[in-house]
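Here the structure comes first, spelled out in C-alpha cells, and everything after it is commentary.
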Amino acid sequence: MAATKPTILLIPGAWFHPSTYDAFLSRLQHLSFPTAYASYPSLNPSHPASADAAADTETVLKRSLLPLIETEGKDVVIVMHSYGGVPGSGAARGLSKVQRSGEGKKGGVVGLVHISGFVLPGGASVADGQGGELPGWVKQNEVPSTLARYHHHPSPPSRRLSARNPHSRSPSQPSPGLTMPANPLAILSADIDPPVAAANASRLVPHALLAFKSPAPAPAWTGPGFERRLAYLVCTEDEAIPKFGQEAMMQGTGVEWAVREMAGSHNAPFLKKADETAGAVDAFVEGFLKLGT
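Heads up: the sequence shown begins at 64 in my numbering, then just goes up one per residue.
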C-alpha cells in the first residue's frame with residue numbers, strides 16, 4: 064500500500080442523514096484513510112423542482128471532488144451508497160488518476176466503489192432502472208409541469224403515476240416534488256438493532272422526486288482510466304435494491320467489476336457492519352493501487 068492512502072469521498076444515498084455514515088467513516092479513519100462527505104441538492108432539497116440528477120452531479124463535482132483533486136492535488140476513491148452512485152460516477156468522468164497522470168497532473172480518482180447502489184448508463188433514470196416507475200414503497204408527490212419532460216418510458220395506465228393535488232394529499236404524503244420511504248424499518252433496516260434502526264429512521268430527510276425521474280449523466284466507467292478500477296459491495300438481503308437488481312446493473316455495464324458480498328440489508332454496511340464495510344473498501348483500494356498508473 065502507498066504510504067499515504069487516498070482520500071475516501073463518500074456520496075450518500077437518498078433520504079439518509081449524514082449521521083448514518085458516522086461509524087463507517089470513523090472506521091476508515093482508523094485505517095488511515097482521510098475522509099470527506101459530499102452532499103447534493105436533491106437530498107433534503109430547498110428547491111425540489113430544480114434538483115435533478117445533473118444538478119446533483121455538478122454539485123458533487125464542483126463543491127467536493129474538484130477541490131480535493133485540483134486544489135489539494137489528492138488521490139481520491141469515491142464510495143457511493145444507493146442513489147449516490149448516480150452523481151458520484153458522473154462527477155468522476157474524465158478525472159481518473161490514470162488519465163491525469165498521463166497528462167502530467169497531480170491527483171485524480173483512483174477508483175469507484177458502489178455499495179448496494181445504482182449503476183446506470185447515461186440517459187437512464189433511477190425510475191428507468193426499476194421498470195419505468197419507482198417502487199410502491201417510495202411515497203411521492205409529483206409536480207407534473209416539471210417532471211413531464213422526463214417521462215421517456217411511460218408505463219401502462221394501471222401503473223402510471225398520477226399527478227396529485229397537494230391540497231388533497233394524506234397527512235403522510237410528502238410535499239409536492241418530494242419523496243420519503245414508506246416503512247423504512249422493513250425496507251432499509253430489517254436486520255438492524257431496533258433502537259438503532261428507529262433512531263436512523265427518525266432522522267430521514269426528504270429527497271427530490273426529480274432526481275429519480277431525470278436522466279443520469281454519462282458515468283465515469285464509460286470513459287478512459289477506470290478499467291479494473293470499479294468495485295461493488297453487494298448487500299444480499301437488501302429489500303430496497305434486491306441482490307438480483309444489483310447484479311443485473313453490473314452485468315449491464317459490460318465492464319469488469321471487483322465484487323464482494325455482505326449478508327445484510329440496505330443499511331447494514333453502515334449501521335451494523337461498519338468494520339466489515341471499511342475492511343472491504345480497504346481491500347478494494349489496495350487492488351486499485353496495485354494496478355499503478
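Ideal Cβ placement from N, Cα and C applies to all residues, glycine included.
Keep in mind that this is a model prediction, so the values were computed, not measured.
Q. If you draw a straight line from the alpha carbon of Leu94 to that of Val140, how long is it in whole angstroms?
A. As a working note, residue 94 is residue 31 in the sequence shown. As a working note, residue 140 is residue 77 in the sequence shown. Going by the C-alpha atoms only, they are around 14 Å apart.
query = How many angstroms separate the CA atom of Leu354 from the CA atom of Glu324?
reply = For the purposes of this step, residue 354 is taken as the residue at position 291 of the sequence shown. For the purposes of this step, residue 324 is taken as the residue at position 261 of the sequence shown. Cα-Cα distance, rounded: 22 Å.
Less than 8 Å between the beta carbons of Phe289 and Val176, yes or no?
Here the question's residue 289 lines up with position 226 in the sequence shown. Here the question's residue 176 lines up with position 113 in the sequence shown. Judged by their CB atoms, Phe289 and Val176 are not nearer to each other than the 8 Å cut-off.
Check whether the region 246-259 and the region 113-123 touch, using three or more Cβ-Cβ pairs below 8 Å as the test. Result no; under three Cβ-Cβ pairs closer than 8 Å.
**Q.** Own chain, CB closer than 6 Å to Tyr213, minus 5 neighbours either side, in chain order
**A.** Counted from its first residue, the sequence shown places residue 213 at position 150. In this prediction, Tyr213 scores a pLDDT of 39, lower than 50, which makes its location untrustworthy; no coordinate-derived value is stated.
Count the other CB atoms within 10 Å of the CB of Gly186; is the residue buried (16 or more) or exposed (fewer)? What you label residue 186 is simply residue 123 of the sequence shown in a count that begins at 1. So Gly186 counts as exposed.
Note to self: So, for Lys137: in the same chain, excluding its five sequence neighbours on each side, which residues have a beta-carbon less than 8 Å away from its beta-carbon?
What the structure shows: For the purposes of this step, residue 137 is taken as residue 74 along the sequence shown, with counting starting at 1. Correct list, in chain order: Pro69, Thr70, Pro97, Leu131 and Gly170.
task = Along the beta strand (DSSP E) that carries Glu302, what are the first and last residues, could you check?
result = Looking up residue 302 in the sequence shown gives position 239. Neither: Glu302 is in no beta strand (DSSP E) and is coded neither H nor E.
*Of the residues Arg266, Val297 and Gly315, which one's Cα is nearest the Cα of His144?*
Within the sequence shown, the letter at position 81 stands for residue 144. Looking at Arg266, Val297 and Gly315, the one whose alpha-carbon comes closest to that of His144 is Val297.
DSSP on Pro244, reduced to helix/strand/coil?
As a position in the sequence shown, residue 244 is number 181, starting the count at 1. Collapsing the DSSP output to three states places Pro244 in a strand.
Query - Helix, strand or coil at Asp138 according to DSSP, with G and I counted as helix - result: In the sequence shown, residue 138 corresponds to position 75, counting from 1. Annotated three-state conformation of Asp138 is strand, per DSSP.
>> I need the straight-line Cα distance from Tyr100 to Gly194, nearest angstrom please.
In response: Reading the sequence shown from its first residue, position 37 is the one you call residue 100. Reading the sequence shown from its first residue, position 131 is the one you call residue 194. Each residue's Cα considered, the two are about 31 Å apart.
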